[in-house]
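Asker:
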Ligand code: 5GP
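Numbering (the numbering used here), first residue to last: 16 to 127.
#1: Could you spell out where the alpha helix (DSSP H) holding residue 85 opens and where it closes?
#2: Taking DSSP as the reference, what is the three-state secondary structure of residue 42?
#3: Here's the rule I'm using: 16 or more other beta-carbon atoms within 10 Å means buried, otherwise exposed. How should residue 86 be labelled?
#4: Among the residues of its own chain, which have a CB less than 8 Å from the CB of residue 33, if the five just before and after it don't count?
#5: Can you give me the start and stop residues for the beta strand (DSSP E) that residue 53 sits inside?
#6: Three or more beta-carbon pairs under 8 Å between the stretch 67 to 74 and the stretch 19 to 37, yes or no?
#7: Report buried or exposed for residue 61, applying the criterion of at least 16 other Cβ atoms within 10 angstroms of its Cβ.
#8: Just to confirm, does residue 48 get its C-beta within under 8 Å of one of the non-hydrogen atoms of the ligand 5GP?
#9: So what's residue 112 in DSSP terms, helix, strand or just coil?
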């Protein structure tokens, strides 16, 4: 069965796609928590960080470099945050690993 994000990648569910390559894609979050809130998602499903294997290292690194490039393109020179929620205690709701790229406003620390 496909994950929600696989259905989005396959255009079965509409989204605002802002980036795509052979490894990953990026979409505007449907419920943005800041002026910029983008999800960077691998096309091959990794459910969460605790399920990632050594062979996923290149993909995980790629997600971060893509997030950094999108942040630069968006002019987030004042800063931005990347977040991966892993598991229920962290607020994970979609079991297909994704990097939240959040910016465009002052972000509090520590997060809730
Ligand atoms: P998580 O809670 O798993 O870290 O993040 C899941 C994110 O996916 C949430 O920020 C949520 O708003 C977003 N999301 C859930 N369903 C959809 C959808 O159908 N389209 C888009 N673009 N984002 C979604």
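Note that beta-carbon positions come from the ideal geometry of N, C-alpha and C, so glycine has one too.
Computed from a prediction, not measured in an experiment: that's the story for all the values here.
Answerer: In short, the structure shows the following:
#1: Here the question's residue 85 lines up with position 70 in the chain shown. Residue 85 -> alpha helix (DSSP H) spans 72 to 88.
#2: On the chain shown, position 27 is the one that residue 42 refers to. In this structure, residue 42 counts as strand in the three-state DSSP scheme.
#3: As a first step, residue 86 is located in the chain shown; it is residue number 71 there, counting from the start. That one is buried.
#4: Residue mapping note: residue 33 aligns to position 18 of the chain shown, counting from 1. So the list reads 41, 42, 43, 53, 85, once near-sequence residues are dropped.
#5: As a position in the chain shown, residue 53 is number 38, starting the count at 1. 51 to 57 is the extent of the beta strand (DSSP E) around residue 53.
#6: no
#7: The count along the chain shown starts at 1 and reaches residue 61 at position 46. Counting Cβ neighbours within 10 Å, residue 61 comes out buried, since at least 16 surround it.
#8: Your numbering for residue 48 matches position 33 in the chain shown. It does: the Cβ of residue 48 is within 8 Å (strictly closer) of some heavy atom of the ligand 5GP.
#9: The residue you call residue 112 lines up with position 97 of the chain shown. Of the three classes helix, strand and coil, the one that applies to residue 112 here is coil, per DSSP.
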